[in-house]
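These notes concern the structure reproduced below.
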Amino acid sequence: MDTPNRRRRLLVVTSALGGVGLALGAVPFVASMRPSARARALGGPVEVDLGRPAPGALLKAEWRGKPIFVVRRTPEMLARLERSAPLLADPRSDVETQQPAYARNPYRSIDPEWLVLVGLCTHLGCVPAPHFEPGDVSGLGAQWPGGWFCHCHGSKFDLAGRVFRNVPAPTNLVVPPYRLDGAQRAVIGLDPAGARKT
Ligand code: FES
C-alpha cells in the first residue's frame, strides 16, 4: 500500500556492455521502468534496484521527469578517466553547481564503481547516447576514451560525465543528489545521511 512517506520504487532492466549493439558502437540500453504518476507528481525520491548488473552495464531510470543514468564502472573504465583528463574542460569538477559536494572528486561519485548522472546534455538538453567502448570501435576516433556523445550538436562527455573541450556543452553532466544503500539500491533525490550540502 502506497503512502506519501514511502519511497517510490523504480525498477530497472539491465543490459551488459557488449550485447546487442546500436549504431556507432553505442552501449545497448538498459530499459527503464517509470515511477508512478503519483511519484512523478510529488517529485520525490525514487529507488533504483542495482541488482548487481554486469560490469560496464548502464541502467536507466527517471526522476522528476529527467532521465537518470546509472553505470556500474569496471576498474578498466575507471583507469580511462585519468587518461581522458587532458581532453576535458572541467576535469576537477570545479563548477560546483554540477554535482553535490560528496561527488566532487575524480570519479564524480560516492563509490567509484557506481556513476549516477542526469542524462541531459548541458547544451540544450538532448539525451546523450552511450558510447562506452574506447577508440575507433566507437566511431568517435582513436583517442575516444569512452563516454557519451550528444548527437544533437556533437558534445562529448567522458565516463564520469565530464565535458570535453571545444564542444557546445558548457559544463559537465549533472550529478543529482543520491545515496547508495549498500550494493543493492540507489536512491535518487536524497543526499547520504550527514552529507554536506552544496
Ligand atoms: S544539446 Fe547536446 S550538443 Fe547541443
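With UniProt numbering applied, the sequence shown corresponds to residues 1 to 198, in that order. The beta-carbon is built from N, C-alpha and C at its ideal position, and this holds for glycine as well.
> Out of curiosity, what's the CA-to-CA distance linking residue 141 and residue 134?
Replying inline: Your numbering for residue 141 matches position 141 in the sequence shown. Your numbering for residue 134 matches position 134 in the sequence shown. Between residue 141 and residue 134, the C-alpha separation is close to 9 Å.
> Would the beta-carbon of residue 130 be found less than 7 Å away from any heavy atom of the ligand FES?
Replying inline: As a position in the sequence shown, residue 130 is number 130, starting the count at 1. Checking every heavy atom of the ligand FES against the Cβ of residue 130, none is found closer than 7 Å.
> Mind checking residue 98: buried by the 16 CB within 10 Å criterion, or exposed?
Replying inline: Here residue 98 refers to the residue found at position 98 of the sequence shown. Taking a 10 Å sphere around the C-beta of residue 98, we find 16 or more other C-beta atoms and assign the residue as buried.
> Apart from the five residues on each side of it in sequence, which residues of its chain come closer than 7 Å, Cβ to Cβ, to residue 83?
Replying inline: For the purposes of this step, residue 83 is taken as residue 83 along the sequence shown, with counting starting at 1. Counting only Cβ-Cβ distances below 7 Å, and skipping sequence neighbours, we find 145.
> What did DSSP end up calling residue 182 once you bin it into helix, strand or coil?
Replying inline: Reading the sequence shown from its first residue, position 182 is the one you call residue 182. Reduced to three states, the DSSP call for residue 182 is coil.
> Assuming residue 176 and residue 118 make a contact with CB atoms under 8 Å, what is their CB distance in whole Å?
Replying inline: On the sequence shown, position 176 is the one that residue 176 refers to. On the sequence shown, position 118 is the one that residue 118 refers to. Indeed, because the Cβ distance is near 5 Å, the residues count as touching under 8 Å.
> Opposite residue 114 in the DSSP bridges: which residues?
Replying inline: In the sequence shown, residue 114 corresponds to position 114, counting from 1. When beta bridges are read from the DSSP output, residue 114 appears opposite 72.
> Helix, strand or coil for residue 58 per DSSP?
Replying inline: Mapped onto the sequence shown, residue 58 falls at position 58. Residue state, collapsed to three classes: strand.
> In three-state terms, what does DSSP make of residue 199?
Replying inline: Residue 199 lies beyond the residue range present for the chain, which begins at 1 and ends at 198; the question has no answer from this structure.
> From this set, 138, 113 and 172, which residue's C-alpha is nearest residue 125's C-alpha?
Replying inline: For this step, residue 125 is matched to residue 125 along the sequence shown. Ranking 138, 113 and 172 by Cα distance to residue 125 puts 172 first.
> Cβ of residue 87 within 8 Å of Cβ of residue 165?
Replying inline: On the sequence shown, position 87 is the one that residue 87 refers to. On the sequence shown, position 165 is the one that residue 165 refers to. Taking C-beta atoms as the reference points, residue 87 and residue 165 count as a pair closer than 8 Å.
>> For residue 103 and residue 110, which I take to be in contact (beta-carbon distance under 8 Å), what is that distance rounded to the nearest angstrom?
In response: Sequence index remark: in the sequence shown, residue 103 carries index 103 (1-based). Sequence index remark: in the sequence shown, residue 110 carries index 110 (1-based). Residue 103 to residue 110, Cβ: 7 Å. Contact.
> Buried or exposed: residue 43, going by 16 or more other Cβ atoms within 10 Å of its Cβ?
Replying inline: As a working note, residue 43 is residue 43 in the sequence shown. Counting Cβ neighbours within 10 Å, residue 43 comes out exposed, since fewer than 16 surround it.
> What separation, rounded to the nearest whole angstrom, lies between the Cα atoms of residue 34 and residue 79?
Replying inline: The residue given as residue 34 occupies position 34 in the sequence shown. The residue given as residue 79 occupies position 79 in the sequence shown. With a pLDDT of 45 at residue 34, under the threshold of 50, the modelled position of this residue cannot be trusted, and the question is left open.
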